[in-house]
Structures are given as structure tokens and as C-alpha cells.
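Structure first, then comments.
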Amino acid sequence: MAETQDFALRCTNLHRYLGQGEGRVHVLKGVSFEARRGQVYAIVGPSGCGKSTLLYLLGLLDQPDEGGIAINGQLMSNSDDAARTAARGAHIGFVFQFHFLMLEFTALENVMMPMRKLAKLTPEAMADRAHSLLDSVGLGDKTHRLGTQLSGGEQQRVAVARALANEPTIILADEPTGNLDVKNSSMVFDLLTRLAKDHGQAVVLVTHNPDIANRCDSVLPMRDGVFI
Amino acid sequence: MSPNLRIAFRFLTAKKRAMLMSLSCTVLGVGLFIVTQATTSGFEDFFIKTILGTDGAMRIQDQIQDTLRSMNAGGGSDFLVSHREGVKYIEGVEEPKAVVNALKEFANVSGTSAVLRGNVLVRSSFKNESAQVFGINLDEHLKVSDLNHQIIQGDLATFREAPTGALVGKVLADRLQLGVGNSFLLDVQGQLLRFRVSAIYETGVADIDKARVYVHMNEARSLLKKPIGVTFIQVNLFDKNRAPQDASQMQEVLRHSASPWQEREKAWLSAFRALSVSSAITVSVFTLIAGLAMFNTLAMIVLEKTKDIAILRSMGYERRDITQIFLWQAGIVLAIGALVGALVGVVGTFAVSQIPLPINGIFKTETFQVSWNGWHYVEAVLTAAIMVMAASIIPARRAARLEPGDIVRGTAQ
Ligand SMILES: Nc1ncnc2c1ncn2[C@@H]1O[C@H](COP(=O)(O)OP(=O)(O)OP(=O)(O)O)[C@@H](O)[C@H]1O
Ligand SMILES: [Mg+2]
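The listed protein sequences correspond, in order, to chains A and B. Under this note's numbering, the first residue of the first sequence carries the number 1, and numbering increases by one thereafter. Under this note's numbering, the first residue of the second sequence carries the number 1, and numbering increases by one thereafter.
Here it is, written out as C-alpha cells:
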């Protein structure tokens, strides 16, 4: 048991089918993988190989048709919605590949959103923390901009800051640097790596950028729904 | 502010126009509900006030025949014996003093007036009209009626001082062309007595104003040749609403039939009730439309906000939170609608109360009658709340059931 505690995230033999009837596709064909605390993992692979599908499963946003997912040693894949929701709020920070922000809210409000739900800090402490997170992704001067008033790359950085809001043990990021220039890519990546090292968080990111992938602790190449 | 309320508020401000339909229907529904209830119950209250002011809260009449005494009474007495629902009654109150004394034991009784009634022919110099003479003791009768407020010509002081004075209803006085100070004859089967008009009253109740002549009890006794006994005892109560309970108790104790105003005026009262219920139902159509509009708008917002729902769910917001966020939106619109609607109700009720509307016959009024009753506001808001919230539950639950995985893959429906 002591050994499993090192794994923030562990999944075994994950299968996932998508679509219905004729269009039913076997997207994930037996994926197993472990993420240790303090490590940064890169999942790479061609478009359509199932990277996002896997990340949704690991983030407990979707349920596998077969296989198990354990978060901090606890099997979550077959838990009920309430337990998975609670685990998402407390242990997982998720960055989506496409849509990032709630557009009617400011950057600051977006980052405070998970903290408000968890309700562990005072409102002042939440605002302080949100400010410093936005600072660390280079948006300290745009905290009061609405989502609609931010560029795609800025929105993506706010989304990264928001994923870190509740100090999750696991950060799952689907191409978090996809829309960013070299400078901002490095800034976001450095931030994620620093967190992994300093706070013992496990970071799993999907990337098409070989430079980023090479700077990770492990690279997991994926093809046709399996790691190769 | 709770996070869910905060989110609801922001979603809503982005959709102000779409919510306008539901909001305006809520305002109309609540406002009109209040105004219609205020007027229907205004007229009902006014009607009740009129009947309490004329025939009083309760009438004690017709002695209930004891089964033991029934043989004797049937033989010697010249009182009429009648059957009603298996119970035998002897018409009239034979010993009014004893009954009045017994009535005074009831804490709720605020006044009693013994009345002797008989059919008469009223002869004026102009023409004759058949009518009813009511023998009363003025001071007693003032405690059980609003007679003092119903005088339109002459005054009660004159009546009190004049042994052969009479109070004549306005319609009757007009027909006979009688004015204050004029004299007339009351004719009971050829027996004639002369009276003088002390005052003319108007209750607004046509049946009363065209038929009743009030005279002093002693004069009535000699006119009708009834030295003892009265026709009925009119009773006033502190708490008018307790009349039915008091009546059945009095009937037990006094062995006389006691009829409360609610029973006496049942037909009119149920007509008023039907009117207020039917107007409430009619006006609730607006609230129904408010509910449908709310359903529509929320369903639309749910569709537009699926991505936000996925983001919220990914951050740990529960299904319950999503439901709440959408119910809050309905709740905010409802609260604003109810508040503005209540204001519209207040202003509308006041405006309606200023509209001239002369009515005579079942009561007398010159303007619309309204009643200011907090319950109308509660009922109006409750109806709106039930409609609007019921309509929001379906879209709110639909939003909560969305699977975040389906949303992010774009397969949510
Ligand atoms: N609802 C669906 N029904 C059927 N197949 C689907 C459905 N959603 C996704 N797929 C398929 O599943 C596969 C994996 O999709 P996924 O989004 O995981 O790919 P990805 O590796 O993240 O690609 P990218 O790098 O372009 O983001 C794709 O081939 C896609 O066509
Ligand atoms: Mg993808």
C-alpha cells in the first residue's frame, strides 16, 4: 500500500468505445499507466489517436467501458457521480483542449470559481491566490478583463491558472501550450514543472510540441488507442 | 453571495432580453391577480358589511319544540307549528327577555334587539303600498345594526322623542311621496294607526328600502295585537366569523333556531366566491404564460451554456449546483416580477378604487369597492412562484443531467 501512495494516478487496461451503432469506434484499446507525484508526463501522438479521450477518463469527466482508474490510491472509475465530482474538485486540475473560460466572468472570477466551490479559503485569501496565479502566467495586469476580452492564448493561460487554483495533486492539461508563442509556452511549462517539483504534484500533459515533450520526465507515445 | 447565486446572476444579466417575456408576464400576472382579488373581495366585504349593518350577524327565531311538550303545545297554543328537517318549530320567540338574558351569557355577543314584525298596508294621501312594520327598541337596535349611518333625511333623535314616529325606507317613501314630517296610516286588517315620518333611511338593499317601516315596539304591539312575544331577536357579535359555531351552540342552549349571516346570505356569498375564484383562474393565464416563457428561456440558456456547465462540473461543481444555478435564475426573475407585480397591484388597486361605479340594489356604493388584504399578495406571489418554478425544474434538471464527458466531446444532447 505504501508504494501505491507514490502514485497520484494509476490506470489499468482502459477501454473506451465512442459513438453508437455503425459508428461505434474502439478508441482506447487497453491503456495502462501510472503517474507519480512530482513528475511531469507528456502524452504525444497523431491527431485522433485518443489522447483527449484518455485525459477525460483520467480527469473523471467520463467513464471507461473497461478498466480502472485510481486517484491517490482510491479506485474512482466506478464510483458514483457525487464521489467523482468531489474528487475532481479536490484533487484534479483540468485544462481543456478547446474551450477554456466562462466568458461572462473576468479572469479573476474564473480562477476563483473552483476555490469558491471548495470553500476552504476566505474570500480575501481566494482573491489573493487568484491574483498570484494570474501573475505567474503573465496576466497580472489583466485580472479584471472579461473572458470575451482576452485572446485565445490569454484565455488558455487563465485556464492553466484556474486548474491550479485548488492545489490539486493531479494536473491534466490537454495541449496547454497549443495557442502560445515560444515565450509564453515556456512560462506555462516552467510553471507546471516547478509545481510538480515544489509541491509534489503529478502533471500529465498532451502536446504536439517536441521541445516541450523532451523537457518532460517521461514521454508516452500513443497510437491508435494504445501506448507504444 | 453563494457561488451558485453569483453564477446565476451573471448568466441572467447576459440574457436580459430573453427573460423580459417571462418577467413581464409575471408582473402582469401578479399585479392583475392582486387587483382582481382586491375588487372581488372588496365588493364581497362591502356586501357583508351591508348585511351585517341591516339584518345583523345572527337572528334567533322560532322556538324548537321539545318532544315532551309537543302534545300540549299542539293542543292549547295558537302558535303555528311547522316541520323542518324533522324538527318541529313554533314560530316566533315567546319569551324574549329570557332568551336575551341567556344570550348575554355568550362572550361573543355584543348586542341584542328584539323585533316584532308584521305585514301592513301603508296608506299615504297619494297611494297605498304593502310593507312590513318592524317594532323595535331604538337603542337596542342601534347596537345590532348601522341604522344610524343609514339615515338620509331627518334624524333619529326626532324618532326617539316621537311615540308615533316612524323610519321609512327611501324607496317606499318615494313611492308614497312621503317626506320627513308627513303623516301616514298603517293598516292591519282594517285596524288603522297614524304615524309620522321622523326620518328616511337608505340601506342600498332594495328589498329592505322598499318594504320596511320601523316604529317603536309599543306601537307595533298595539297595531299587530301582540302584547307578548316577538318575531325574532337580532344579535350582533364581536367576532362575526364565529357566527356559525355560536349559532349551533345557541340553538342547543336556547332551544330556538339561530341563523348566522353566512347561512342566511349563502346564495350571494357563494356567488361572490365563485366570482373571485373565476377571476383568479382567468388572471392566472398570465402566470401560466410567465411559466412557459421561463421554460423556454431557461431551456435556451442551458443549450448555450453547455460548455460552461462542463467547465463547472470539471471543477467539482455537483449536479445539485447546476440545478441550483438554473433555479436561481428563475428565482431572481420571479423575485423581481413578484416585487414589481405587487407594486403594480398596489397602484392598480388604488386606481380602480377611484373609478366611479354607482351600484344600488344589493348594496349602495358610488365607486369601485376594493379591499386591502395582504393575503391577496401572498396568493398572487405563490401562484406565480409555483408556475414559474415548476416550469424551471425541467430545464434545470436537464442541465444537471448533462454528462461533462459528452459535452466536451460535443455529443451532448
Ligand atoms: N462521439 C464520437 N463518436 C465516435 N468517435 C469519436 C467520437 N468522439 C471522438 N471520436 C473519435 O475518437 C478518436 C479519438 O479522439 P480524441 O479526441 O481523443 O483524439 P486526440 O488524440 O485528442 O486528437 P487531437 O490531437 O486532434 O486532439 C478520434 O478518432 C475521433 O474520431
Ligand atoms: Mg485532443
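Note that beta-carbon positions come from the ideal geometry of N, C-alpha and C, so glycine has one too.
Ligand 1 heavy atom lying under 6 Å from the CB of residue i
i	result
B:G405	no
A:R223	no
B:S314	no
A:K51	yes
A:L58	no
A:G67	no
B:R409	yes
B:G331	no
A:A61	At residue 61 of chain A the sequence reads Leu, which differs from the Ala that was named. Checking every heavy atom of ligand 1 against the Cβ of A:L61, none is found closer than 6 Å.
B:V347	no
A:L18	yes
A:V25	yes
B:G337	no
A:G48	yes
First and last residue of the uninterrupted beta strand (DSSP E) at residue i
i	result
B:F159	B:F159 -> not in any beta strand (DSSP E); alpha helix (DSSP H) instead, spanning L156 to E161.
A:Y17	F7 to L18
B:L357	P356 to I359
B:R123	V109 to R123
A:H91	Counting along the chain, A:H91 falls outside any beta strand (DSSP E), though it belongs to the alpha helix (DSSP H) covering D81 to H91.
B:N236	F232 to L237
A:I170	I170 to D174
A:A35	V25 to R36
B:V62	For the sequence presented, residue 62 of chain B should be read as Asp rather than Val. Its beta strand (DSSP E) spans residues M58 to I64.
Nearest residue (CA-CA) to residue i, options the options
i	options	result
B:P404	A:D62, A:A82 and A:A42	A:D62
B:N236	B:I386, B:E252, B:L167 and B:S110	B:S110
A:F98	A:S136, A:G200, A:Y56 and A:T193	A:Y56
B:H216	B:P163, B:M250 and B:A206	B:P163
A:G87	A:I228, A:R194 and A:G73	Note on residue identity: the sequence assigns Ala, not Gly, to residue 87 of chain A. Among A:I228, A:R194 and A:G73, the Cα nearest to that of A:A87 is on A:G73.
A:K197	A:L60, A:A159 and A:T169	A:T169
B:A114	B:S24, B:T306, B:A98 and B:A384	B:A98
A:S186	A:D174, A:V204, A:V219 and A:G138	A:G138
A:G178	A:G89, A:I212 and A:P114	A:I212
B:L298	B:I325, B:P227, B:S314 and B:E318	B:I325
B:I34	B:L357, B:S276 and B:L292	B:S276
B:E140	B:V122, B:I151, B:R160 and B:Q150	B:R160
A:T95	A:A119, A:A127, A:A161 and A:I228	One detail in the question is off: residue 95 of chain A reads as Val in this sequence, not Thr. When each option's Cα is compared against that of A:V95, the closest is A:A161.
B:N108	B:Q191, B:A220 and B:D239	B:D239
B:E263	B:N137, B:L178 and B:A243	B:A243
A:N166	A:G147, A:D217 and A:A130	A:A130
B:E105	B:V253, B:E202 and B:S124	B:V253
C-beta neighbour in chain B for residue i, strict 7 Å
i	result
A:T85	yes
A:F7	no
A:L61	yes
A:F94	yes
A:R232	Residue 232 of chain A is absent from the structure shown; chain A starts at 1 and stops at 228.
A:H91	no
A:E66	no
A:P123	no
A:M102	yes
Limits of the alpha helix (DSSP H) - the one that residue i falls within
i	result
B:S24	K16 to T54
B:L167	Premise fails: B:L167 lies in the beta strand (DSSP E), G165 to G169, not in any alpha helix (DSSP H).
B:G135	Here B:G135 belongs to no alpha helix (DSSP H); instead the beta strand (DSSP E) covers N128 to I136.
Beta carbon proximity, residue i to chain A, threshold 7 Å
i	result
B:M315	yes
B:D308	yes
B:A14	yes
B:G405	yes
B:E414	The requested residue 414 of chain B does not occur in the structure, where chain B is confined to residues 1 to 413.
B:E44	no
Classification of residue i by the beta-carbon crowding that lies within 10 angstroms, buried from 16 upward
i	result
A:A159	buried
B:F126	exposed
B:M71	Because B:M71 sits at a pLDDT of 44, beneath the cut-off of 50, its placement in the model cannot be relied upon, and the point is left open.
B:S77	Note that B:S77 has pLDDT 48, beneath the 50 cutoff, so the model's placement of it is unreliable and no number is given.
B:S314	buried
A:G91	As written in the sequence, residue 91 of chain A is His, which differs from the Gly given in the question. So A:H91 counts as buried.
B:G74	Legend: pLDDT at B:G74 = 45, less than 50; position of this residue unreliable, no value from coordinates given.
A:E109	buried
A:K51	buried
B:M294	buried
B:M250	buried
heavy atom of ligand 2 below 6 Å from residue i C-beta
i	result
A:Q156	no
A:Q97	yes
beta-carbon residue i near ligand 3 non-hydrogen atom, thresh 6 Å
i	result
A:G178	No copy of ligand 3 occurs in the structure displayed; its ligands are ligand 1 and ligand 2 alone.
C-beta neighbour in chain E for residue i, strict 7 Å
i	result
A:M187	Looking at the structure shown, chain E is missing, and the protein chains on hand are A and B.
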